[in-house]
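Colleague: Remember, the working numbering sits 103 above the position in the sequence shown when you count from 1.
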Amino acid sequence: MTIQRMGRILKVLILSACMSAVSALHADGTDSLWEYSLNSAQQCQGAINSSVESAADCFLGDGINSLFKKGISLSDQRLKESLGENFSITGTMNWSPDVGSTGGLDMVTPFSFAGSAGTDAAAGIRSATFLQQGVTRWREGFGTMRNDMRNGVVHRFRVSDSLDSDVIGLSSFHLRSTEHGHEVLALGMDYFGRWGTGELRYYAPTTDWTVVRPGHEERPLEGMELGTRLNLTTTLDLSVTGYQWEAEDGSGDMNRGTRLGFNWRPHSWLSFDTTWDGGSDDAMSVWMNFNMPFGPGTEKPRWEWLGVAGSGNSGNTNMFQAVPEIGHIRVASRSARIASSAGSNGVSARFVEPSVDSGETVTIEVFTEEPAQRDIKVTVRLEPGATEPSAVPGVDFVDRPMEATITQGTTSTVVSFPILLNEAMQEPRSLGVSVSVSS
104 MTIQRMGRIL
114 KVLILSACMS
124 AVSALHADGT
134 DSLWEYSLNS
144 AQQCQGAINS
154 SVESAADCFL
164 GDGINSLFKK
174 GISLSDQRLK
184 ESLGENFSIT
194 GTMNWSPDVG
204 STGGLDMVTP
214 FSFAGSAGTD
224 AAAGIRSATF
234 LQQGVTRWRE
244 GFGTMRNDMR
254 NGVVHRFRVS
264 DSLDSDVIGL
274 SSFHLRSTEH
284 GHEVLALGMD
294 YFGRWGTGEL
304 RYYAPTTDWT
314 VVRPGHEERP
324 LEGMELGTRL
334 NLTTTLDLSV
344 TGYQWEAEDG
354 SGDMNRGTRL
364 GFNWRPHSWL
374 SFDTTWDGGS
384 DDAMSVWMNF
394 NMPFGPGTEK
404 PRWEWLGVAG
414 SGNSGNTNMF
424 QAVPEIGHIR
434 VASRSARIAS
444 SAGSNGVSAR
454 FVEPSVDSGE
464 TVTIEVFTEE
474 PAQRDIKVTV
484 RLEPGATEPS
494 AVPGVDFVDR
504 PMEATITQGT
514 TSTVVSFPIL
524 LNEAMQEPRS
534 LGVSVSVSS
């Protein structure tokens with residue numbers, strides 16, 4: 104399945120989820136609408152106290168998020184009817200007027216020959232093999248949205264014939280940035296046991312530096328994480344993760360550190376999370392989460408305080424659950440190291456892309472150090488590069504100058520040249536550029 108086709112499928116699933124949610128709310132009648140209104144009022148309390156505009160934005164975002172969550176659940180139920188009980192859709196979709204839509208969505212499709220017809224250990228599942236496809240949507244530091252797709256295969260098995268024995272999982276994923284073409288191979292191992300879980304992830308980049316905007320280039324990072332989560336009791340969890348990642352400045356240095364996490368859930372509606380990162384930031388964060396369900400049939404749970412020790416049971420492990428925490432592609436960034444040409448009167452030109460394929464289009468940025476005091480007309484021309492073998496005029500590129508204008512008050516403009524398709528070319532050829540002020 105191609106990346107483009109997977110993206111269309113996910114868009115259809117999200118749209119279908121929203122339509123299903125609207126139908127469900129209408130069918131459920133006033134009870135569902137009343138429950139939704141109470142939840143929204145609780146989530147938007149701070150915005151309501153701030154201003155009418157903030158409250159409206161919060162209610163809008165909360166409404167769309169509710170549609171996503173309810174719709175995904177309904178779509179998951181309906182698809183199970185045709186694709187089997189082990190098929191699943193899981194997602195964390197969020198939307199706000201300021202950020203837009205962010206989150207992730209994963210689809211699990213079991214192989215027909217893997218496992219048995221049941222869904223738990225009692226039904227006799229000792230192994231499971233499935234495809235997992237998904238997307239993570241996030242906002243990077245420059246404020247633009249990115250979508251990282253993933254396609255992978257997962258195999259899980261029990262370490263013995265006992266149906267309540269520990270579970271080990273192996274996975275392999277291919278990650279790709281739809282906007283910039285970054286690609287990463289993610290290999291992993293999971294463990295599910297009586298006292299907790301463990302995971303090992305290794306991320307190996309398969310692409311190099313690429314220009315993502317004029318003067319700026321990125322490449323994916325290599326990294327590895329080894330973590331474990333111990334279920335001390337039914338309400339206390341302790342997590343420890345050791346990691347090693349390449350530095351984000353592109354130097355190739357490795358950053359190593361440890362993350363410690365502690366979670367306490369004394370009540371089903373209340374939890375406390377503490378995380379400490381012993382890496383370069385040496386940061387600590389503490390969160391309190393309160394989530395009170397509304398609606399008929401909701402029973403008030405009891406306080407569990409410190410819980411009961413040793414109550415875990417790996418036999419309850421869902422063998423077909425999606426591999427979590429794949430996340431988005433981490434990247435290193437630096438100023439683009441691209442061949443350029445100095446022109447006259449302080450005007451220069453440089454290639455936006457470090458390389459292009461024969462038959463494509465090359466983009467040239469013409470720029471000045473200071474904003475232009477007036478409109479500057481320039482003439483740009485491609486020419487053979489300085490290193491051999493160099494491109495041949497009329498064979499590899501169009502030997503024809505192009506004119507452009509750096510308008511008053513700006514510092515740059517962009518022109519594009521077609522690259523001729525040369526099927527006889529056996530190795531890469533270098534290309535140069537020259538620029539001159541024409542008026």
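Every residue, glycine too, gets a C-beta built ideally from N, C-alpha and C.
1) I'd like to know whether the C-beta atoms of S274 and G255 end up nearer to each other than 7 Å.
2) At what residues does the beta strand (DSSP E) containing T378 begin and finish?
3) Under 7 Å, do A507 and V469 count as touching if we go by C-beta distance?
4) Quick check: what's the CA-CA separation for M422 versus G301?
5) On the three-state DSSP scale, how would you describe N419?
6) Is it the case that the Cβ atoms of P487 and A494 are separated by a distance below 7 Å?
7) Taking DSSP as the reference, what is the three-state secondary structure of I167?
8) Start and end of the beta strand (DSSP E) containing R261?
9) Going along the chain, which unbroken runs of the alpha helix (DSSP H) with 4 or more residues stay wholly within the stretch 274-303?
10) Assign S553 to one of three DSSP states: helix, strand, or coil.
11) Got a sec, what are the start and stop residues for the beta strand (DSSP E) A386 sits in?
12) List the endpoints of the continuous beta strand (DSSP E) containing A507.
13) Would you list, in sequence order, the uninterrupted beta strand (DSSP E) runs of no fewer than 3 residues that lie entirely inside the stretch 317-350?
14) Less than 6 Å between C-beta atoms, sequence neighbours within five positions excluded: which residues of the same chain meet that for E286?
15) Three or more C-beta pairs closer than 8 Å, one from the stretch 364-377 and one from the stretch 333-345: is that the case here?
16) Let me know the secondary structure DSSP gives W137 once reduced to three states.
17) For K304, which residues from the same chain have a beta carbon less than 7 Å from its beta carbon, with the 5 sequence-adjacent residues on both sides left out?
18) Taking just the CA atoms, how far does H277 sit from V434?
19) Which residue marks the beginning of the beta strand (DSSP E) containing V465, and which one marks its end?
20) Short of 7 Å in beta carbon distance, which residues of its chain neighbour V459, apart from the five on each side in sequence? Order them along the chain.
21) With DSSP run on the structure shown, which of helix, strand or coil describes T370?
22) So, helix, strand or coil for W241, using DSSP?
23) Between which residues of its own chain and T239 is the CB-CB distance below 8 Å, once the five residues before and five after are set aside?
24) Beta-carbon within less than 6 Å of G299's beta-carbon, same chain only, minus the 5 sequence neighbours each way: which residues are those?
25) What is the DSSP secondary structure of G360, counted as helix, strand or coil?
26) Looking at the unbroken beta strand (DSSP E) that takes in E486, where does it start and where does it end?
Modeller: On the basis of the data shown:
1) A contact, by the Cβ cut-off of 7 Å.
2) 373-380 is the extent of the beta strand (DSSP E) around T378.
3) yes
4) 15 Å
5) In the displayed model, N419 falls within a helix according to three-state DSSP.
6) A contact, by the Cβ cut-off of 7 Å.
7) Any reading at I167 must be qualified, since the residue scores a pLDDT of 48, below 50, and its modelled position is unreliable; the value itself is stated next. Looking at I167 - three-state DSSP - the assignment turns out to be helix.
8) 248-261
9) Listed in chain order, there is nothing to give.
10) The shown model of the chain, from 104 to 542, leaves out residue 553, and the question about it has no answer.
11) 386-393
12) 505-509
13) 319-323, 326-334, 339-349
14) R279, T309, T310
15) yes
16) In this predicted model, W137 has a pLDDT of only 43, less than 50, meaning its place in the structure is not dependable; the value taken from the coordinates is given anyway. Correct three-state label for W137: helix.
17) Sequence check: residue 304 is Arg here, not Lys. Cβ neighbours of R304 beyond the five flanking positions: A289, G291, M327, E328.
18) So the alpha carbons of these two residues sit roughly 16 Å apart.
19) 464-471
20) Contacts found: V465, I522.
21) First, the residue type needs correcting, since residue 370 is His and not Thr in the sequence shown. Strand, per DSSP.
22) strand
23) G206, G207, N250, D251, R253, I429, G430, H431
24) R332, L333, N334
25) strand
26) 479-487
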